[in-house]
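Before any comments, here is the structure.
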Amino acid sequence: MTLIHNEQTKLTAAAIDRLSTACIALGVIAPVVSFGMGGTGYSLITVTAFGVVWFSIGACLHFLGRAILRRLRP
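So the number in this note's numbering is just where the residue sits in the sequence shown, counting from 1, plus 231.
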């Protein structure tokens, strides 16, 4: 039963970590590239604040995934 539990725990942590990567990519990288190419009507401060919020969400999800990995059983 431990092997099944560990695999399910790793799958859950990996899914949350992929979600964190998506948050960072969509919330930080895309607006910065769009702003750099002149494709947004928002100011630099707005784009920066938007990026900081999404980066923070991504970081929280990443650390949640790491915390879930602590449930692995020997």
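Just so it is clear, CB atoms sit at the ideal spot from N, CA and C, and this is done for glycine as well.
Source: prediction; values computed, not measured.
What three-state label does DSSP hand residue i in the structure shown?
| i | result |
| --- | --- |
| residue 302 | coil |
| residue 274 | coil |
| residue 269 | coil |
Should residue i be labelled buried (16 or more other beta-carbon atoms within 10 Å of its own) or exposed?
| i | result |
| --- | --- |
| residue 251 | buried |
Quick check: residue i and residue j, are their CB atoms within less than 8 Å of each other?
| i | j | result |
| --- | --- | --- |
| residue 282 | residue 254 | no |
| residue 263 | residue 278 | yes |
| residue 233 | residue 304 | yes |
| residue 266 | residue 257 | no |
| residue 247 | residue 295 | yes |
Leaving out the 5 sequence neighbours to the left and right, which residues in its chain are closer than 6 Å to residue i when beta-carbon positions are compared?
| i | result |
| --- | --- |
| residue 297 | none |
Between which two residues does the alpha helix (DSSP H) containing residue i stretch?
| i | result |
| --- | --- |
| residue 311 | The displayed coordinates of the chain run from 232 to 305. Any statement about residue 311 would go beyond what the structure contains. |
What does a CB cutoff of less than 7 Å around residue i pick up in its chain, not counting 5 residues either side in sequence?
| i | result |
| --- | --- |
| residue 318 | Because the chain is modelled from 232 through 305, residue 318 falls outside the range shown and cannot be assessed. |
In its own chain, which residues sit with a C-beta less than 8 Å from the C-beta of residue i, not counting the 5 before and 5 after it?
| i | result |
| --- | --- |
| residue 271 | 262, 265, 278 |
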